[in-house]
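Numbering (UniProt numbering), first residue to last: 1 to 228.
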């Protein structure tokens, strides 16, 4: 069932979006150029702007925008925001991600828990703080079960102790029937992910090497689920 969402305006920085894509057994139609254009640098974001810090306390609030968002998709945003804010936990991965899920961004192309979880744990090692300053839901659909949202993330250096990077992105998430993430593609600046041979090799190498450098806690899952 879809729920209307209360809109909470917060300061927003212009910047570059990120996009999320999904596994082969799901629809491969990604956000349209028009949708990507709405989050281009300097453009106004389309969609419903939300304050995910208030979702838990205001999920039944008065609707202030006509775009309806699936209740389960709000929970997905909550869990993803924890990851983007450098707070990964095995509970989030067990609850929200398929063990065979795919995660892609411009610097990695991960397949399976060990690879995608390592990316999130590495993020927490690299940055002392990460804050989501803006989140805007752009699409929330049942068929396909897909969530598209734009966000602005501000990262602080662990070594320098100050803000070092602001990334505007579009995140597209494909989910299975249990509302678990099957594929997530994060496109920085709304740009297509690099596909040239050298870039593809680097992204796969990064996904393979990171688990060797960052400890990834094990999750006890049913054997049948691992085989899916």
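Backbone N, C-alpha and C fix where the C-beta goes; we use that ideal spot for every residue, glycine too.
Buried/exposed call for residue i, threshold 16 Cβ in 10 Å
i	result
residue 165	exposed
residue 201	exposed
residue 197	exposed
residue 109	buried
residue 141	exposed
Cα-Cα separation, residue i to residue j
i	j	result
residue 168	residue 76	19 Å
residue 208	residue 100	15 Å
residue 178	residue 129	31 Å
residue 112	residue 102	6 Å
residue 206	residue 97	20 Å
residue 194	residue 153	21 Å
residue 67	residue 74	13 Å
residue 89	residue 155	19 Å
residue 127	residue 212	19 Å
residue 115	residue 190	23 Å
residue 199	residue 188	15 Å
Cutoff 8 Å: residue i Cβ touching any chain B Cβ
i	result
residue 98	The structure shown has no chain B; it contains just one protein chain.
Beta-carbon spacing of residue i, residue j below 8 Å
i	j	result
residue 132	residue 86	no
residue 94	residue 181	no
residue 117	residue 216	yes
residue 151	residue 134	yes
residue 124	residue 210	no
residue 137	residue 69	yes
residue 145	residue 174	yes
residue 107	residue 203	yes
residue 239	residue 79	This structure cannot speak to residue 239, because the chain is shown only from 1 to 228.
Simplified DSSP state of residue i, which is helix, strand or coil
i	result
residue 215	coil
residue 174	strand
residue 210	helix
residue 68	strand
residue 109	strand
residue 203	helix
residue 130	strand
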